[in-house]
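Asks: Residue numbers (the working numbering): 938 to 1270.
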């Protein structure tokens, strides 16, 4: 078990880093997205590099194959937060027990290691800091067929994400509702076109990322802000299994010096409680409003509204665990 997919990509390459041609020769048709290489790691993990035609660059993706891939298995796309999983950033794999938790799960995990401060959306214009970003196109149209073909998946998908990624998974589902059987959003603000939503987006893209948010969705009056607002387009979430979580921002059980993400550092704890508390409190208002909207539309959803908890990894790991039964049922496991 674990490497049954390997022969499917051995065709034209030697063992080690697997290479495929991504772009056509000069004078031929437009470039198409394609597998660029696979760097096989330990056990069932690999780094997959995919040429994105829409962004005209290579994107790195971490893939962990299903525990038993002797038959086609579903795929869970797992998005990181604002730092996008790039080198040195805090990620699902560095901050949680995701590898151990999914060790016996028959699902493929796919996590982009790119896209910092991008909101995993299609930007209107190239940005001098973040370059070209066409993440909706990449994640919904370019990447899935490559993953399905390379790893022999069942073609059944779910998606989950935290913080910025929590906002993104909802907007991606709004863009392509038939692509996902389940969506789990942890501490993400569904709103992007309200005053609170726009402020939160600007904080991530401009204050943290140093980019120009108008290159992403234009001025505040541009319809792109509303197009990506899952609250506005909540009707498009009908029929998808939904798990949406956040907390009040008050210190909780993972906000102490013994927490693994704090590791005895008083300064880290202060940042988690103060900054993480404020962020989570704001996100929580988004969650409560989305919950009300879904109820008005008679769309079922599991809403996890915690009385305590900050914007931090301990709670997101717990959310992933708690949302797994819903995800598993939705994808047929």
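For glycine and all other residues, C-beta sits at the position ideal for the given N, C-alpha and C.
In this text, all values refer to a predicted model and were calculated from it rather than measured experimentally.
Would you call residue 1264 buried or exposed, if buried means 16 or more other Cβ atoms sit within 10 Å of its Cβ?
Replies: For this step, residue 1264 is matched to residue 327 along the chain shown. Classification of residue 1264: buried, given that the 10 Å Cβ count is 16 or more.
Asks: Hey, would you say residue 1250 sits closer than 9 Å to residue 1038, going by beta carbons?
Replies: As a position in the chain shown, residue 1250 is number 313, starting the count at 1. As a position in the chain shown, residue 1038 is number 101, starting the count at 1. Against a cut-off of 9 Å, the Cβ pair of residue 1038 and residue 1250 comes out as no contact.
Asks: Check this for me: beta carbons of residue 1245 and residue 1198, under 9 Å apart or not?
Replies: Position 308 of the chain shown holds residue 1245. Position 261 of the chain shown holds residue 1198. Cβ distance not < 9 Å, so residue 1245 and residue 1198 don't count as in contact.
Asks: From residue 1202 to residue 1194, what distance separates their C-alpha atoms?
Replies: Numbered from its first residue, the chain shown carries residue 1202 at position 265. Numbered from its first residue, the chain shown carries residue 1194 at position 257. For residue 1202 and residue 1194, the distance between alpha carbons rounds to 6 Å.
Asks: Work out the CA separation of residue 991 and residue 1057 for me, nearest whole Å.
Replies: As a working note, residue 1057 is residue 120 in the chain shown. As a working note, residue 991 is residue 54 in the chain shown. Computed Cα separation, rounded: 13 Å.
Asks: Below 8 Å on the Cβ atoms is my guess for residue 1121 versus residue 1097; work out the distance and round it to an integer in Å.
Replies: Taking the chain shown and counting its residues from 1, one reaches residue 1121 at position 184. Taking the chain shown and counting its residues from 1, one reaches residue 1097 at position 160. With 8 Å as the limit, residue 1121 and residue 1097 qualify as a contact, their Cβ atoms being about 4 Å apart.
Asks: I'd like the ranges of any alpha helix (DSSP H) spanning at least 4 consecutive residues and lying wholly in the region 1080-1111.
Replies: 1080-1088
Asks: Which first and last residues belong to the beta strand (DSSP E) in which residue 972 is found?
Replies: For the purposes of this step, residue 972 is identified with residue 35 of the chain shown, where counting begins at 1. That run of the beta strand (DSSP E) goes 971-977.
Asks: So, with DSSP's three-state summary, where would you put residue 959?
Replies: One-based indexing of the chain shown puts residue 959 at position 22. In this prediction, residue 959 has a pLDDT of 47, which is less than 50 and means its spatial position is unreliable; nothing more can be read from the coordinates.
Asks: Please tell me whether residue 1070 and residue 1164 are closer than 9 Å, where the distance is taken between their beta carbons.
Replies: Within the chain shown, the letter at position 133 stands for residue 1070. Within the chain shown, the letter at position 227 stands for residue 1164. Not a contact, by the Cβ cut-off of 9 Å.
Asks: Taking residue 1169 as the reference, which of 1215, 1110, 1187 has the closest Cα?
Replies: Translated into the one-based positions of the chain shown, residue 1169 becomes position 232. Of the candidates 1215, 1110, 1187, the residue whose Cα lies closest to the Cα of residue 1169 is 1110.
Asks: Compare the C-beta of residue 1217 with all C-beta atoms of chain D and state if any pair is closer than 9 Å.
Replies: No chain D appears in the structure shown, which is made up of a single protein chain.
Asks: Quick check: the region 1132-1146 against the region 1076-1086, are there 3 or more CB pairs under 8 Å?
Replies: In this structure the region 1132-1146 does not lie against the region 1076-1086, because fewer than three pairs of beta carbons, one per stretch, are closer than 8 Å.
Asks: Here's a check: name, in chain order, each residue in its chain whose Cβ is nearer than 7 Å to the Cβ of residue 1067, leaving out the five neighbours to either side.
Replies: Here the question's residue 1067 lines up with position 130 in the chain shown. So the list reads 1054, 1055, 1146, 1148, once near-sequence residues are dropped.
Asks: From the DSSP output, in three-state form, read off residue 1270 for me.
Replies: Here the question's residue 1270 lines up with position 333 in the chain shown. In the structure shown, residue 1270 falls within a coil segment according to DSSP collapsed to helix, strand and coil.
Asks: How would you write the range of the beta strand (DSSP E) that residue 1184 sits in, first residue to last?
Replies: For the purposes of this step, residue 1184 is taken as residue 247 along the chain shown, with counting starting at 1. Annotation for residue 1184: the continuous beta strand (DSSP E) segment containing it runs 1178-1184.
Asks: Give me the Cα-Cα distance between residue 1008 and residue 1118, rounded to the nearest whole angstrom.
Replies: As a position in the chain shown, residue 1008 is number 71, starting the count at 1. As a position in the chain shown, residue 1118 is number 181, starting the count at 1. Distance between the alpha carbons of residue 1008 and residue 1118 is about 19 Å.
Asks: Assuming residue 1048 is part of the beta strand (DSSP E), what are its boundary residues?
Replies: Taking the chain shown and counting its residues from 1, the one referred to as residue 1048 is at position 111. First-last of the beta strand (DSSP E) with residue 1048: 1045-1049.
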